[in-house]
Amino acid sequence: MSTLHVLSHSPFTDNRLTSCLRVLGASDGVLLSGDAVYALQPGTAPLSALQARRDTLRLFVLDEDVQARGLQVPDWVKSVDYPAFVELSIHYDKVNSWL
């Protein structure tokens, strides 16, 4: 069963991203939204953790949140808008929001 893991908190304030990556299944995806998009900042430990899994990680980022924070999206990360977020939610069997 596949799960879309939705993270919205900064990876610099707690360990949600680390915990999520630890439990990630082979068919799961991760969507970064809100302050979680700060995980894409170059030269940071969160980005290194994501890059280490880039060959198998299905990583999505909410485009509106990236733009609001003036960040760049690496070419291996899929940027999505709100309608695509809804489509992702339907595509995966479950959605887990890391509140």
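Per numbering that gives the first Met the number 0, residue 0 is the first one in the sequence shown, and the count goes up by one each step. Glycine included, every Cβ here is placed at the ideal spot set by N, Cα and C. Predicted model only: the values in this text are computed from it and were never measured.
Out of curiosity, what's the CA-to-CA distance linking residue i and residue j?
i   : j   : result
S88 : R52 : 22 Å
P10 : L49 : 11 Å
V79 : H4  : 15 Å
R57 : S18 : 16 Å
L61 : V76 : 10 Å
E86 : G42 : 31 Å
S26 : Q66 : 28 Å
Y81 : D74 : 20 Å
M0  : Y91 : 8 Å
G69 : G24 : 31 Å
Within its chain, find whatever has a CB closer than 6 Å to the CB of residue i; leave out the 5 residues flanking it on each side and keep chain order.
i   : result
S7  : S32, G33 and A35
S96 : V5
V29 : H4 and L58
V94 : L3 and S88
With DSSP run on the structure shown, which of helix, strand or coil describes residue i?
i   : result
L39 : helix
H4  : strand
S9  : coil
V79 : strand
Grab me the residues of residue i's own chain with a C-beta within less than 7 Å of its C-beta, minus the 5 sequence neighbours each way, in chain order.
i   : result
P45 : P10, L16 and A38
V72 : L39, V60, V65 and S78
Given residue i, which residues of its chain have a CB within under 8 Å of its CB, disregarding the five upstream and five downstream residues?
i   : result
E63 : D80 and Y81
Could you name each continuous alpha helix (DSSP H) segment of 4 residues or more that falls completely within the segment 18 to 73, going from the start of the chain to the end?
-> 44 to 50 and 62 to 67
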